[in-house]
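What follows is one structure encoded as structure tokens, with my remarks underneath.
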Amino acid sequence: MRVLYVAFGGMRWDWVPMMWIIAILTMLVGSIIAISQSDIKRMLAYSSIAQAGFILVGVIAASPAGLAGSMFYLIAYGFTTIGAFAIISLVRDESGEATNLSKWAGLGRRSPLVGAVFALFMLGLAGIPLTSGFIGKFSVFAAAIASGDTWLVIVGVVASAIAAFFYVRVIVVMFFTEPGPQTASVVVPSAFTTIALAAGATVTLVLGILPQPVLGLVSNAGLFIR
């Protein structure tokens, strides 16, 4: 970010169009490919491409608010993703990690706490209100609108709607789908995994309800970068 704003600040209209293209492609392509995935790890991997596009929206805004939004988004996404992958490492079958979505059928009913925490992470990644993901998306979109990048925000909202589909699909499978003959079970987490889960869930929820302290910190950092 500092390279763009300090080294190329005077050339904004040279690099912004290229960043527009990259942001739009990453948001849409990542979301569309993620929809077709039946493997949860692959779904999260492709969705991370879309998440990178959302972060770029704040960078393109080229304002203190945009930088702050992007940094907040990075923090929120980082903790939520760590927590999500920690849950995935606990869901296993006879061959190891059970990453096929069909094996997660009914998991929320068999292991309500694990299902609820993973649902929280999915809602956070989808950007649902009262999660850190919502504050992150709102921050970068608001900064982009203030900078006149309304069409980029419209594309971002469409990509968010697409992404919400596959995140919510996981929740539906866990809580509202009858388990098949080959379903996975949840193993006891290690101390490290427990810490990762607790940190991820806490940050996802707390930053969605009380984001002001962290927003203040990243706003100051955004001014420093500029």
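If you're matching positions, the sequence shown starts at 3 in the working numbering and goes up one per residue.
Even glycine gets a Cβ: it sits at the ideal position worked out from N, Cα and C.
Compare the Cα-Cα distances from residue i to each of the options and report the closest residue.
i, options, result
"Val-175", "Met-124, Leu-199, Gly-210, Gln-214", "Met-124"
"Gln-184", "Ala-107, Ala-165, Leu-69, Ser-49", "Ala-107"
"Ile-211", "Gln-39, Ser-134, Ile-37", "Ser-134"
"Asp-151", "Gly-68, Ile-173, Ser-104", "Gly-68"
"Thr-179", "Ile-164, Leu-122, Lys-105", "Lys-105"
"Val-1", "Ile-37, Ile-26, Gly-32, Leu-27", "The chain is shown from 3 up to 228; residue 1 falls before or after that span and cannot be answered."
"Gly-202", "Thr-83, Tyr-48, Ser-72, Ile-35", "Thr-83"
"Ala-128", "Ser-141, Pro-114, Phe-140, Ala-165", "Ala-165"
"Ser-141", "Trp-153, Ile-130, Ser-72", "Ser-72"
"Ile-23", "Ser-113, Glu-99, Trp-153", "Trp-153"
Roughly how many angstroms separate the alpha carbons of residue i and residue j, rounded to a whole number?
i, j, result
"Val-93", "Pro-66", "41 Å"
"Gln-53", "Met-29", "7 Å"
"Gln-39", "Tyr-169", "11 Å"
"Val-157", "Ile-51", "15 Å"
"Gly-41", "Leu-103", "Here the sequence assigns Asp to residue 41, which means Gly is not the residue at that position. Whole-angstrom Cα-Cα distance: 6 Å."
"Leu-122", "Thr-206", "8 Å"
"Gly-218", "Thr-204", "19 Å"
"Ala-64", "Pro-114", "43 Å"
DSSP three-state call for residue i: helix, strand or coil?
i, result
"Val-190", "coil"
"Gly-108", "coil"
"Gly-71", "helix"
"Gly-129", "coil"
"Gly-210", "helix"
"Gly-55", "helix"
"Gly-98", "strand"
Is any beta-carbon of chain B found at less than 8 Å from that of residue i?
i, result
"Ile-164", "No chain B is part of this structure, which consists of one protein chain only."
By Cβ distance below 7 Å, which residues in the same chain neighbour residue i in space, the five residues on each side in sequence not counted?
i, result
"Lys-43", "Ile-90, Thr-101"
"Arg-111", "Phe-177"
"Leu-209", "Ala-78, Ser-134, Ile-137, Val-216"
"Phe-143", "Val-59, Val-155, Gly-158"
"Tyr-48", "Gly-32, Ile-35, Ala-36, Gln-39"
"Met-45", "Ala-36, Gln-39, Phe-168"
"Leu-76", "Ile-57"
Who are the near neighbours of residue i in its chain, counting only those whose CB is closer than 8 Å to its CB and skipping five residues on each side?
i, result
"Met-21", "Leu-58, Val-61, Ile-62"
"Leu-199", "Gly-85, Ala-88, Ile-89, Val-119, Pro-191"
"Pro-19", "none"
"Thr-195", "Ala-88, Ser-91, Leu-92"
"Leu-132", "Leu-207, Gly-210, Ile-211"
"Ile-130", "Phe-136, Ala-166"
"Lys-139", "Phe-56, Tyr-75, Gly-129, Gly-158, Ser-162"
Taking its Cβ as the centre, do 16 or more other Cβ atoms sit within 10 Å of residue i, making it buried, or is it exposed?
i, result
"Gly-182", "exposed"
"Pro-213", "buried"
"Ser-97", "exposed"
"Asn-146", "The amino acid at residue 146 is misidentified as Asn; the sequence shows Ala. Per the 10 Å Cβ criterion, buried."
"Phe-74", "buried"
"Ala-186", "buried"
"Phe-81", "buried"
"Ala-148", "exposed"
"Ala-161", "buried"
So is the beta-carbon of residue i under 7 Å away from any non-hydrogen atom of the ligand NAP?
i, result
"Pro-66", "The ligand NAP is absent from the structure shown, which contains no ligand whatsoever."
Sorted by chain position, which residues of the same chain lie with C-beta nearer than 6 Å to residue i's C-beta, five sequence neighbours on each side aside?
i, result
"Val-116", "Val-188"
"Leu-109", "Gly-117, Met-176"
"Gly-55", "Ala-25, Thr-28, Met-29"
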